[in-house]
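Residue numbers (the working numbering): 66 to 408. Using N, Cα and C, we set each Cβ at its ideal position, and we do this for glycine too. This one's a predicted model, so the numbers in the text were calculated from it and none came from an experiment. Down below is the structure, laid out as structure tokens.
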């Protein structure tokens, strides 16, 4: 159900591991050092890239192979933002190390490679995050937003517009055909969750489409945002944020999208937790009324569309994902959110 035969996957993994060892020789920081390379696969991500932990006698690094579709201009933009955040004294943003030629990435037949600082700490436990830890997470996200605030311009949200298009497309979709494609995957656990997602969708689609239609027309301050910030991408050591990782989705967007994504991953349907987080955030960066409304729309539309996105990837596009249990967990969360919206 997950694509290539096992022996082909093993060959591909071995080829990437050999390529990773070769690419390390191109980075000045580690090229002359004795090191050990520990493959981490996708490290829980779904982008199609790969990550290795590089261990030397006194330091660790993160070597990343970016997804094949990543372009040089795209990666240059991402790295320029990382440098901007570091220059704003955000030490929880990983430093990037350069090649012998002075570039922040190396290119091979497999794609682009980067070598970054290994960030210490562990992701917060959403069910047991302490008030000091919550303060630290809030302050870190607000600091990231404030560091690029000077670039903000008023415009409509690209993300809300894309969600409106996706919802409209799904309302016109032949669900009988989708259900046949779901069965063809041959994954009963996925099929059960996918069928429930399709069953719930018509009950929620029209009101959320109306909400998106209005929100997608409203001008909002747009600036460089993370766009894929959730609890797994934030590392804590005690009550301090010691790492924020994964910048593959950064683009100009409303900060409301980041707030909705992070609060959704931390609190799901706990509105008290949401309100507490946003109150703490506004101590660092006040929110406009339009941003407050957009946060709710980002969240409600994500609750509706996330499961459909997984169905599209797996049943329609036949994409492969290396961690089936993580996929099922994401679908379970999506279903909990959808059921809550129906109450």
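Beta-ladder partner(s) of residue i, from DSSP
| i | result |
| --- | --- |
| residue 376 | Residue 376 pairs with nothing; no bridge assigned. |
| residue 135 | Paired residues: none, contrary to the question. |
| residue 167 | DSSP, once it has assigned bridges, lists no residue as partnering residue 167. |
| residue 179 | 129 |
| residue 116 | 129 |
| residue 121 | Looking at the DSSP assignment, residue 121 forms no beta bridge with any residue, so it has no partner. |
| residue 415 | Given that the chain is displayed from residue 66 to residue 408, the structure contains no residue 415 and the question cannot be resolved. |
| residue 302 | 305 |
| residue 172 | 177 |
Rounded separation between residue i and residue j - CA only
| i | j | result |
| --- | --- | --- |
| residue 223 | residue 288 | 11 Å |
| residue 245 | residue 170 | 43 Å |
| residue 168 | residue 186 | 28 Å |
| residue 362 | residue 380 | 27 Å |
| residue 124 | residue 147 | 21 Å |
| residue 393 | residue 97 | 43 Å |
| residue 337 | residue 210 | 23 Å |
| residue 346 | residue 203 | 6 Å |
| residue 364 | residue 198 | 23 Å |
| residue 313 | residue 92 | 21 Å |
| residue 99 | residue 127 | 15 Å |
| residue 264 | residue 277 | 21 Å |
| residue 141 | residue 266 | 39 Å |
| residue 176 | residue 122 | 28 Å |
| residue 132 | residue 385 | 14 Å |
| residue 130 | residue 255 | 29 Å |
| residue 349 | residue 319 | 16 Å |
| residue 178 | residue 408 | 47 Å |
| residue 403 | residue 387 | 26 Å |
| residue 259 | residue 383 | 14 Å |
| residue 228 | residue 136 | 24 Å |
| residue 311 | residue 302 | 18 Å |
| residue 390 | residue 304 | 30 Å |
Cβ distance (whole Å) where residue i is taken to contact residue j below 8 Å
| i | j | result |
| --- | --- | --- |
| residue 322 | residue 292 | 6 Å |
| residue 101 | residue 173 | So it is not a contact: roughly 21 Å between Cβ atoms. |
| residue 157 | residue 309 | 5 Å |
| residue 396 | residue 375 | 6 Å |
| residue 225 | residue 274 | Their Cβ separation, rounded to whole angstroms, is 12 Å, which puts residue 225 and residue 274 out of contact at 8 Å. |
| residue 294 | residue 326 | 6 Å |
| residue 406 | residue 368 | 6 Å |
| residue 399 | residue 262 | 7 Å |
Subject >> Ranges of the beta strand (DSSP E) found wholly within the stretch 200-268, counting only runs of at least 3 >> reply: 218-220
Original post:
Counting pairs of beta carbons, one from the stretch 133-148 and one from the stretch 257-277, are three or more of them closer than 8 Å?
Top reply: no
**OP:** Could you tell me which uninterrupted beta strand (DSSP E) segments, each at least 3 residues in length, are contained entirely in the stretch 268-300, listed from first to last along the chain?
**Re:** 285-290
Original post:
What are the start and end residues of each continuous alpha helix (DSSP H) run of 4 or more residues lying completely inside the stretch 325-365, in chain order?
Top reply: 336-346
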